[in-house]
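Working notes for the structure below.
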Amino acid sequence: MIESVEFHNFKALRDTVLPLSRFTLIVGPNGSGKSTALQALQAVGNPRQVEYHRTISAEIQASDEPIKVVVNWGSPYAGTETSTTWFSKGRTDDLEYNNLPANSTERNNYLFNIDHTLRGVRIYSLDAQAIAHPTQLRPNMTLASNGANLAGVLDRLRDNEPERFEALNKELGRWLPEFDRILFDTPSNCLRAILLRTREGHHKIPAADLSQGILLALAMLTLAYIPDPPPIICLEEPDRGIHPRLLRDVQDVLYRLSYPESCGEKRDPVQVIATTHSPYLLDLYKDHPEEIVIANKIGQEVRFERLSDHSHLDEILRDAQLGEIWYSGILGGVPHNT
Numbered sequence: 010m011i012e013s014v015e016f017h018n019f020k021a022l023r024d025t026v027l028p029l030s031r032f033t034l035i036v037g038p039n040g041s042g043k044s045t046a047l048q049a050l051q052a053v054g055n056p057r058q059v060e061y062h063r064t065i066s067a068e069i070q071a072s073d074e075p076i077k078v079v080v081n082w083g084s085p086y087a088g089t090e091t092s093t094t095w096f097s098k099g100r101t102d103d104l105e106y107n108n109l110p111a112n113s114t115e116r117n118n119y120l121f122n123i124d125h126t127l128r129g130v131r132i133y134s135l136d137a138q139a140i141a142h143p144t145q146l147r148p149n150m151t152l153a154s155n156g157a158n159l160a161g162v163l164d165r166l167r168d169n170e171p172e173r174f175e176a177l178n179k180e181l182g183r184w185l186p187e188f189d190r191i192l193f194d195t196p197s198n199c200l201r202a203i204l205l206r207t208r209e210g211h212h213k214i215p216a217a218d219l220s221q222g223i224l225l226a227l228a229m230l231t232l233a234y235i236p237d238p239p240p241i242i243c244l245e246e247p248d249r250g251i252h253p254r255l256l257r258d259v260q261d262v263l264y265r266l267s268y269p270e271s272c273g274e275k276r277d278p279v280q281v282i283a284t285t286h287s288p289y290l291l292d293l294y295k296d297h298p299e300e301i302v303i304a305n306k307i308g309q310e311v312r313f314e315r316l317s318d319h320s321h322l323d324e325i326l327r328d329a330q331l332g333e334i335w336y337s338g339i340l341g342g343v344p345h346n347t
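Be aware that the sequence shown starts at 10, since it is given in the working numbering, and climbs by one per residue.
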């Protein structure tokens with residue numbers, strides 16, 4: 010698991026550290042570096058996708074200072090650091106490692122597993138239109154960053170993991186009682202599309218006719234039920250388009266990924282990082298302040314603070330909803346002009 014990420018000159022992240030848990034919810038105003046932090050983490054495992062002159066912090070663009078991102082690992086790689094540096098002359102350092110074990114076998118295992126984890130970082134900013142679009146079937150399909158390919162991923166799940174597919178159908182019916190089953194259509198050669206069947210009347214509703222919230226919920230549920238999710242999942246505003254009454258279910262899905270042992274899953278935990286502007290979603294984590302990070306933009310610089318490190322937190326939250334307190338600005342992480 011990643012314990013923290015240090016950022017140096019990566020866009021708005023001039024010099025700051027993002028603390029992480031198995032699950033982390035980042036809250037803050039627009040432009041406070043939430044999405045940039047996710048992009049920087051993904052860039053460590055794919056360094057050649059970053060262009061120095063498009064990424065260097067704006068206030069030092071004329072300088073030759075390097076951009077650097079450092080990943081600090083916890084268990085089972087406690088003490089190990091991984092970093093990538095980008096230079097103005099166009100040279101990029103591949104992954105660098107510090108504090109690796111002396112034993113060569115153990116060191117090689119560390120290198121392989123850490124490299125696999127960093128290259129497996131996925132950022133999802135789900136889009137209902139992409140989710141609804143029919144998919145051209147290919148082997149080993151994965152969910153695209155915008156939710157595209159969902160029909161192919163579900164088709165694969167039905168064929169290869171029928172028990173998981175049935176469990177997903179059951180959970181979907183609990184979230185959305187008007188539906189009882191995911192069905193498939195073949196609108197043309199090699200294309201697969203999804204439909205949802207209504208519980209009453211068994212009417213087949215094409216994905217294109219479903220609401221944005223239903224499609225977003227289905228994509229998130231699918232991520233939680235596939236047997237091989239990415240090792241690190243970053244979700245941009247998983248509450249977007251979801252009715253507040255379903256946010257507890259969204260929380261359950263995120264925890265199912267991060268804490269598989271809590272629901273009988275026998276796979277490695279997924280480290281989940283989510284961003285939000287929703288006080289309603291934030292309310293659900295009042296008892297887990299160690300999982301909340303507040304992003305503040307101070308001048309041109311960003312600072313991340315774990316909520317559990319906030320002074321006088323118990324006194325502040327004693328008789329109030331966490332979302333309400335955050336919205337008021339007492340905790341920071343809100344636009345400066347409000």
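Using N, Cα and C, we set each Cβ at its ideal position, and we do this for glycine too.
Check: Rounded C-alpha distance that separates G54 from G332; Outcome: 34 Å
Check: Simplified DSSP state of Y86, which is helix, strand or coil; Outcome: coil
Check: Secondary structure of I35, DSSP reduced to three states; Outcome: strand
Check: Among L227, W184, T64, nearest to T101 - alpha-carbon criterion; Outcome: T64
Check: Residues that DSSP places opposite F19 in a beta bridge; Outcome: L22, I65
Check: Residue from R206, K20, L219, I242 whose Cα sits closest to the Cα of V311; Outcome: K20
Check: C-beta contact flag for R206 and E187 at 8 Å; Outcome: no
Check: Reduced DSSP secondary structure (H/G/I, E/B, other) of N81; Outcome: strand
Check: Whole alpha helix (DSSP H) elements within the region 130-209, 4-residue minimum; Outcome: 137-141, 159-169, 171-184
Check: Enclosing alpha helix (DSSP H) for Y234 [first to last residue]; Outcome: 221-234
Check: Helix, strand or coil at S13 [DSSP, three-state]; Outcome: strand
Check: Own chain, CB closer than 7 Å to H142, minus 5 neighbours either side, in chain order; Outcome: A157
Check: Limits of the beta strand (DSSP E) - the one that V311 falls within; Outcome: 310-315
Check: Contact belief for Q58 with I132 at Cβ below 8 Å, rounded distance in angstroms; Outcome: Not really, about 12 Å apart at Cβ, beyond 8 Å.
Check: Inter-residue Cα distance where the pair is T89 and F121; Outcome: 13 Å
Check: Whether L266 touches A283 by CB criterion (8 Å); Outcome: no
Check: Straight-line gap, N118 to P238 (C-alpha atoms, nearest Å); Outcome: 21 Å
Check: Nonlocal neighbours in the same chain, by C-beta distance under 8 Å from G161, ignoring five residues either side; Outcome: T144, Q145, L146, R147, M150, R201
Check: Own chain partners of R276 with C-beta closer than 6 Å, once the 5 adjacent residues on each side are dropped; Outcome: P269
Check: Status (buried if at least 16 other CB within 10 Å, exposed otherwise) for C243; Outcome: buried
Check: Inter-stretch contact at 8 Å, needing at least 3 Cβ pairs: the region 284-303 / the region 321-335; Outcome: yes
Check: Rounded Cβ spacing between T93 and L104 (contact assumed at less than 8 Å); Outcome: 6 Å
Check: Which listed residue (V130, I223, R190) has its alpha carbon closest to that of Q138; Outcome: I223
Check: Beta-carbon proximity of L8 to W184, cut-off 8 Å; Outcome: The requested residue 8 does not occur in the structure, where the chain is confined to residues 10 to 347.
Check: Integer-rounded CB distance, given that Q260 should sit under 8 Å from L225; Outcome: Not a contact, Cβ separation roughly 15 Å.
Check: Unbroken beta strand (DSSP E) run spanning Y264, endpoints; Outcome: Element bounds for Y264: not the beta strand (DSSP E) but the alpha helix (DSSP H), 256-267.
Check: Exposure label - S287; buried when at least 16 CB within 10 Å; Outcome: buried
Check: Enclosing alpha helix (DSSP H) for K371 [first to last residue]; Outcome: With the chain running from 10 to 347 in the structure shown, residue 371 is simply not present.
Check: Nonlocal neighbours in the same chain, by C-beta distance under 7 Å from E170, ignoring five residues either side; Outcome: P236
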